[in-house]
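Each remark here refers to the structure printed beneath this line.
This is the structure in structure tokens:
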């Protein structure tokens, strides 16, 4: 539970920091006015990574239907009793980025981040675009009280970026194929990449408490090799990225 609680707060830090960064990039982008990018994004089917990325392959009616559906999905949590609050109504027809990004849930924001990165290939978003789908996995598990270390199954989707980072800090290759470890590693790495020094410093207090908690009875894991390896690798990541005081 302590692990899930700590990971949840890390993912919230990441989401806040990335939303701020994306809005900053849109504001500074001379090709964007804050409206056009959202209009393009709303017109894209959720399977846009495949054939539906191209709006020209669909009829205008199909594009409009997709746009309304996606817009309603973003605004639905602000929709009270079938209507939006009066102060938000003026944004609904032509919503700007600074409104939509604030209201986007994490999955929607990950899709928008990927869309914006593919459109402008902005180097500041490269690592986030790679790691955010993995961070989203940990966010969902942590928020819905799903176990992390009780399910250390293998997976072959390790990004090259994380493989190189893991090699640099001496993480065992046995860990590189474990899904929940990959997601945890991605969360810690991206937090260190996109959050401010003040946020990183403050959150390391929680990580220190987490380390003390799982080391308190570490002998319990002697016969659970997968869990033992998980915490050994987690120690290396936490200690390697520890802020200098």
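Numbering (my numbering), first residue to last: 152 to 396.
Quick reminder that beta carbons are idealized off the backbone N, C-alpha and C, glycines included.
None of the values given here were measured: they were computed from a predicted structure.
Self-check item: N-terminal and C-terminal residue of the alpha helix (DSSP H) that residue 186 is part of
Solution: No alpha helix (DSSP H) contains residue 186, which DSSP labels as neither H nor E.
Practice problem: Leaving aside the five residues before and after residue 273 along the sequence, list all residues of the same chain whose C-beta is less than 7 Å from its C-beta, in chain order. | Solution: Cβ neighbours of residue 273 beyond the five flanking positions: 176.
Quiz item: Between residue 423 and residue 293, what straight-line distance do the alpha-carbon atoms span, to the nearest angstrom?
Solution: Residue coverage of the chain in this structure runs from 152 to 396, which leaves residue 423 outside it and unanswerable.
Exercise. Within 10 angstroms of the Cβ of residue 309, are there 16 or more other Cβ atoms? Answer buried if so, exposed if not.
Key: buried
Practice problem: Hey, could you find the ends of the alpha helix (DSSP H) residue 215 is sitting in? | Solution: Following the DSSP letters along the chain, one finds residue 215 inside the alpha helix (DSSP H) bounded by residues 211-226.
Quiz item: Residues bridged to residue 305 by DSSP?
Solution: 329
Quiz item: Going by beta carbon distance, what residues of the same chain come within less than 8 Å of residue 393, once the five residues before and after it are set aside?
Solution: Excluding sequence neighbours, residue 393 sits near 355.
Practice problem: Mind reading off the beta-carbon distance from residue 254 to residue 225? Whole number of angstroms is fine, and I expect it under 8 Å. | Solution: 5 Å
Quiz item: Do residue 358 and residue 389 have their C-beta atoms within less than 8 Å of each other?
Solution: In this structure, the beta-carbon distance from residue 358 to residue 389 falls below 8 Å.
Quiz item: If we call anything under 8 Å between Cβ atoms a contact, is residue 303 one with residue 331?
Solution: Contact: yes.
Quiz item: Which value, in whole angstroms, describes the spacing of the CA atoms of residue 335 and residue 169?
Solution: 18 Å
Quiz item: For residue 162 versus residue 333, is the C-beta spacing smaller than 8 Å?
Solution: no
Practice problem: Please name the residue in 185, 338, 214, 387 whose C-alpha comes closest to that of residue 113. | Solution: Since the displayed the chain opens at 152 and closes at 396, residue 113 lies outside it and no answer follows.
Quiz item: Any idea what DSSP makes of residue 367, helix, strand or coil?
Solution: Note: residue 367 maps to coil in three-state DSSP.
Exercise. Report back the beta-carbon spacing between residue 313 and residue 248 to the nearest angstrom; my notes put them in contact at under 8 Å.
Key: Residue 313 to residue 248, Cβ: 29 Å. No contact.
Quiz prompt | Coil, strand or helix - residue 356 by DSSP | solution = helix
Practice problem: Would you kindly report the start and end of the unbroken alpha helix (DSSP H) that includes residue 160? | Solution: 153-179
Self-check item: For residue 165 and residue 345, the rounded distance between their alpha carbons
Solution: 7 Å
Quiz item: For the alpha helix (DSSP H) that contains residue 294, what are its first and last residues?
Solution: 277-294
Quiz item: residue 244: which of 353, 257, 223 sits nearest, CA to CA?
Solution: The shortest Cα separation from residue 244 among 353, 257, 223 belongs to 223.
Quiz item: Mapping DSSP to helix, strand and coil, what is residue 346?
Solution: coil
Exercise. Identify which residue in 194, 240, 278, 228 has its Cα closest to the Cα of residue 212.
Key: 194
Quiz item: Between 228, 191, 391, 172, which lies nearest to residue 322 when the distance is taken from Cα to Cα?
Solution: Of the candidates 228, 191, 391, 172, the one whose C-alpha sits nearest the C-alpha of residue 322 is 391.
Quiz item: For residue 349, is the classification buried or exposed, using 16 other Cβ atoms within 10 angstroms of its Cβ as the cut-off for buried?
Solution: exposed
Exercise. Can you say whether residue 196 is buried or exposed, counting buried as having 16 or more other CB atoms within 10 angstroms of its CB?
Key: buried
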